[in-house]
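Undergrad: First to last, the protein sequences are chains X and G. Each step along the first sequence adds one to the number in this note's numbering, with nothing skipped, and position 78 is 78. Each step along the second sequence adds one to the number in this note's numbering, with nothing skipped, and position 45 is 190. Glycine is no exception: its CB is placed at the ideal position from the N, C-alpha and C atoms. Handing you this structure, nothing more for now.
Protein chains: 2
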Amino acid sequence: MAVDTGGIAGQIARIREKANALIEEELKARGVKGILPAHGPVLAFLLRQKDPVPIKAVVESVGRVKSTVTVTIATLQKHGYLRKFPSDEDARVTYVELTAKGRRLQKDFEEISQTLRSRLYGDMGERDRERLVRQLDKIEENLSE
Amino acid sequence: MAVDTGGIAGQIARIREKANALIEEELKARGVKGILPAHGPVLAFLLRQKDPVPIKAVVESVGRVKSTVTVTIATLQKHGYLRKFPSDEDARVTYVELTAKGRRLQKDFEEISQTLRSRLYGDMGERDRERLVRQLDKIEENLSE
DNA sequence: CCAATTTAGTTCGTGGGCGAACCGATGTCA
DNA sequence: TGACATCGGTTCGCCCACGAACTAAATTGG
């Protein structure tokens, strides 16, 4: 967050923090060990894959720098959620894939996403939700130029 | 950010990151040294004060844990933006206040806030902005319960 | 009045995130 | 083919943030 403590930027920063806190609580409540909100995007990406993918593909998908992804993947591996292995064709490349234990996170993952969304929106109507998301899209675009 | 990579939570996380990036760029462009987005809330609070305040007051205002604030204040002090001094009445208490150099940040601070807001909102109309802020208020509240 | 508790602040260890430097391996191209 | 650039990935140093443990100084209450 930052300069704009009172304004919309501060609001957005606080919402993000609370959303993360909620995710952490949910993970804890479900007894999921070693997973933190930061692992979400990597997990989400890998859950969508049927086959092993190069780490590079993860980097491009998650919007984190490669040094960050290296560490995230190491952590997930340490906890047994994924495994790494070198490519035969290109010795620079390392593939990753979820283990069975990693795959099993899918259910929690989806349920937590659902819980988060409904807590976040509360009783907001469908039309308001759509308008809100569209406005946020616009804002994201405004900040990307 | 988290589980909900595709959904609204991911959107919000990305907006926050982009807002922070914009602030960093602005600070750099203005040649402000040693200040980062994380210092914003502390600075904002201190700029509002006429007299020295106990660190405790800073902690309560910025929504960060006291160990975090200790470090932030140390950094701002190291760069000469504020000074610390012990209380006479209560030896446990340390006061902080901005130095002249710190006070001089006010202008940049306000201008960057303004720049951020207009970049963020873009050409969104006043009524939409208000509705958006109200919805975000609602969301923040939903997540706080 | 003094022991127990609370309070303000710091320190330490852990983890996310970044950029820069680095390492091998592969590509390029003269 | 051999020097150079590029590429995938890791390591390192730094900053933010947290909680737990710690210190010194009040405050409380028996």
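Sorted by chain position, which residues of the same chain lie with C-beta nearer than 8 Å to residue 51 (chain X)'s C-beta, five sequence neighbours on each side aside?
TA: Looking up residue 51 (chain X) in the first sequence gives position 51. Answer for residue 51 (chain X): 97, listed in chain order.
Undergrad: Take residue 115 (chain X) as the anchor and find which of G:288, G:228 and G:211 has the nearest alpha-carbon.
TA: For this step, residue 115 (chain X) is matched to residue 115 along the first sequence. Among G:288, G:228 and G:211, the Cα nearest to that of residue 115 (chain X) is on G:288.
Undergrad: Buried or exposed, going by whether 16 or more other CB atoms sit within 10 Å of the CB of residue 11 (chain X)?
TA: Within the first sequence, residue 11 (chain X) is the residue found at index 11, counting from 1. Result: buried.
Undergrad: Applying the 10 Å Cβ sphere with the 16-neighbour rule, what's the burial state of residue 280 (chain G)?
TA: Start at 1 with the first residue of the second sequence, and residue 280 (chain G) comes out as number 135. By the neighbour-count rule (16 or more Cβ atoms within 10 Å), residue 280 (chain G) is buried.
Undergrad: Would you please state the rounded distance, in angstroms, between the beta carbons of residue 226 (chain G) and residue 213 (chain G)? I believe it to be under 8 Å.
TA: Reading the second sequence from its first residue, position 81 is the one you call residue 226 (chain G). Reading the second sequence from its first residue, position 68 is the one you call residue 213 (chain G). Contact doesn't hold; Cβ gap of about 17 Å is too wide.
Undergrad: Listed in chain order, which residues of the segment 57 to 83 of chain X have Cβ atoms closer than 7 Å to some Cβ of chain G?
TA: Listed by position, the residues of the segment 57 to 83 of chain X near chain G (Cβ gap below 7 Å) amount to none.
Undergrad: Specify whether the segment 270 to 286 of chain G and the segment 110 to 127 of chain X touch according to this definition: at least 3 beta carbon pairs, one from each stretch, less than 8 Å apart.
TA: The segment 270 to 286 of chain G is in contact with the segment 110 to 127 of chain X.
Undergrad: Using a Cβ-Cβ cutoff of less than 8 Å, which residues in the same chain neighbour residue 46 (chain X) once the five nearest sequence positions on both sides are dropped?
TA: By one-based count along the first sequence, residue 46 (chain X) stands at place 46. Answer for residue 46 (chain X): 53, 58, 82, 96, 97, 98 and 102, listed in chain order.
Undergrad: Are the Cβ atoms of residue 165 (chain G) and residue 182 (chain G) separated by less than 8 Å?
TA: As a position in the second sequence, residue 165 (chain G) is number 20, starting the count at 1. As a position in the second sequence, residue 182 (chain G) is number 37, starting the count at 1. Against a cut-off of 8 Å, the Cβ pair of residue 182 (chain G) and residue 165 (chain G) comes out as a contact.
Undergrad: Rounded to whole angstroms, what's the CA-CA distance from residue 258 (chain G) to residue 130 (chain X)? Just pull it up for me.
TA: As a working mapping, residue 258 (chain G) is identified with position 113 in the second sequence. As a working mapping, residue 130 (chain X) is identified with position 130 in the first sequence. The alpha-carbon atoms of residue 258 (chain G) and residue 130 (chain X) are separated by roughly 28 Å.
Undergrad: Please check if any C-beta of chain G sits within less than 8 Å of the C-beta of residue 117 (chain X).
TA: The count along the first sequence starts at 1 and reaches residue 117 (chain X) at position 117. Yes, contact with chain G.
Undergrad: Express the C-alpha separation of residue 77 (chain X) and residue 70 (chain X) in angstroms, rounding to a whole number.
TA: Looking up residue 70 (chain X) in the first sequence gives position 70. Looking up residue 77 (chain X) in the first sequence gives position 77. Near 11 Å, if we compare the C-alpha coordinates of residue 77 (chain X) and residue 70 (chain X).
Undergrad: Please return the same chain residues whose Cβ sits closer than 8 Å to the Cβ of residue 208 (chain G), not counting the five positions on each side in sequence.
TA: Working through the second sequence from its first residue, we reach residue 208 (chain G) at position 63. Here the set comprises 186.
Undergrad: Less than 8 Å between the beta carbons of residue 16 (chain X) and residue 158 (chain G), yes or no?
TA: Walking along the first sequence from the start, residue 16 (chain X) turns up at place 16. Walking along the second sequence from the start, residue 158 (chain G) turns up at place 13. Result yes, Cβ atoms of residue 16 (chain X) and residue 158 (chain G) sit closer than 8 Å.
Undergrad: Can you name the residues of chain X whose CB is closer than 8 Å to the CB of residue 270 (chain G)?
TA: As a first step, residue 270 (chain G) must be located in the second sequence, where it is residue number 125. Correct list: empty, because the minimum Cβ distance to chain X is about 11 Å.
Undergrad: From X:39, X:107, X:56 and X:104, pick the residue whose C-alpha is nearest to that of residue 86 (chain X); which is it?
TA: Residue 86 (chain X) sits at position 86 when you count from the first residue of the first sequence. It is X:56.
Undergrad: Can you pull the chain X residues whose beta carbon is under 9 Å from the beta carbon of residue 278 (chain G), in chain order?
TA: Taking the first residue of the second sequence as position 1, residue 278 (chain G) is located at position 133. Residues of chain X passing the Cβ test: 7, 8 and 11.
Undergrad: For residue 251 (chain G) and residue 128 (chain X), I'd like the C-alpha separation in whole angstroms.
TA: Looking up residue 251 (chain G) in the second sequence gives position 106. Looking up residue 128 (chain X) in the first sequence gives position 128. When rounded, the distance between both Cα atoms is 37 Å.
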